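Working notes, structure below.
As structure tokens, this is what we get:
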């Protein structure tokens, strides 16, 4: 992967742990990791507005570069 990448996971996700996300990010130059506090594996459905806001912020940052 050679493009800016946003990696999101949830704090209590046992299937895609924050440490796994950090390991993935360490292999992708310029990537960002967001760990959503307090949620589990289905965080996107538990709090979709958090994910949408984080994605919009990430894309806005890219648009300014």
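Numbering (my numbering), first residue to last: 42 to 106.
From the three backbone atoms N, C-alpha and C, an ideal C-beta is built for every residue, glycine too.
Because the structure is a prediction, the values reported are computed rather than measured.
By the CB criterion at 8 angstroms, residue 81 and residue 48 fall outside the cutoff. Shown here, residue 47 sits in a strand according to DSSP, grouped into three states. Here residue 75 carries a strand assignment [DSSP, helix/strand/coil]. Put simply, the backbone Cα of residue 59 is about 10 angstroms away from that of residue 78. A direct Cα-to-Cα measurement between residue 99 and residue 75 gives close to 10 angstroms.
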